Amino acid sequence: MLRVMLVDDSHEEESPLKEGLVAAGYDVVVVSALGLALAERVTELAPDVIIIDTESPSRDVLEHVSVVNACAPRPIVVFTDDRENASIQAALKAGVSAYVVAGIDAQRLQPILEVAVARFQHEQALREELRDAQTKLVERKTIERAKGILMEQKGVSEEHAYRLLRKLAMDRNAKLLDVAQQVVDVAKLLS
Numbered sequence: 306m307l308r309v310m311l312v313d314d315s316h317e318e319e320s321p322l323k324e325g326l327v328a329a330g331y332d333v334v335v336v337s338a339l340g341l342a343l344a345e346r347v348t349e350l351a352p353d354v355i356i357i358d359t360e361s362p363s364r365d366v367l368e369h370v371s372v373v374n375a376c377a378p379r380p381i382v383v384f385t386d387d388r389e390n391a392s393i394q395a396a397l398k399a400g401v402s403a404y405v406v407a408g409i410d411a412q413r414l415q416p417i418l419e420v421a422v423a424r425f426q427h428e429q430a431l432r433e434e435l436r437d438a439q440t441k442l443v444e445r446k447t448i449e450r451a452k453g454i455l456m457e458q459k460g461v462s463e464e465h466a467y468r469l470l471r472k473l474a475m476d477r478n479a480k481l482l483d484v485a486q487q488v489v490d491v492a493k494l495l496s
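Basically our numbering = 1-based index in the sequence shown + 305.
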């Protein structure tokens with residue numbers, strides 16, 4: 306069962322959204338949007354999904370959403386009456402997984418949450434792939450720089466420079482990247 310944190314800016318005692326979520330079998334924790342410290346509440350309550358029920362997502366709410374996405378990413382669904390394209394774009398830029406306009410139908414809640422969770426997981430996987438690719442690129446650049454330094458200093462071919470790096474790494478029982486970084490660091494010191 307998904308644990309849902311419902312951020313509600315209405316001043317009603319019972320919201321139709323909460324009733325629909327409870328009826329659908331979700332574990333619902335309601336948080337008032339007043340004095341919102343969303344990131345802290347997310348850490349405290351550890352929800353699986355965050356739902357924001359608002360007439361229009363304010364700049365403050367979207368800033369809190371951005372902070373949550375930076376420190377404790379979760380799927381975030383916004384239910385709103387605001388159809389403005391600027392509001393939709395701002396919400397998506399802040400990291401909202403689903404932006405639902407015009408009413409809450411209890412029968413639509415489960416599919417909406419499933420799509421939001423799936424989209425969030427897909428985006429997280431893409432972010433991880435991007436981080437891996439960026440890390441590999443930085444590692445490759447370091448190794449290439451080290452090879453270039455060895456080629457210049459020793460007057461050897463690229464292949465021979467690479468073999469020198471590999472041998473040095475094996476002799477020191479170290480990673481090739483670490484040895485390459487040491488070569489680059491020493492070259493910086495001596496230049």
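C-beta atoms are modelled at their ideal positions from N, C-alpha and C, and glycine is treated no differently. Keep in mind that this is a model prediction, so the values were computed, not measured.
- The beta carbons of Val383 and Ala344 sit about 17 Å from each other, so the pair does not count as a contact at 8 Å.
- For Tyr467, the three-state secondary structure derived from DSSP is helix.
- With fewer than 16 other beta carbons inside 10 angstroms of its own, Ser462 counts as exposed.
- Among the bridge pairs identified by DSSP, Thr385 is matched with Val406.
- In the three-state reduction of the DSSP assignment, Asp314 falls in the coil class, being assigned neither a helical nor a strand state.
- Counted as a single uninterrupted DSSP element, the beta strand (DSSP E) harbouring Asp358 occupies residues Val354 to Asp358.
- Three or more pairs of CB atoms, one per stretch, sit closer than 8 Å, so the region 473–489 contacts the region 432–452.
- Contact between Gly325 and Leu414 holds: CB atoms are separated by about 5 Å, below the 8 Å threshold.
- Each residue's CA atom was taken as its position, placing Lys459 and Glu433 some 39 Å apart.
- Rounded to the nearest whole angstrom, the C-alpha separation of Asp387 and Thr440 is 40 Å.
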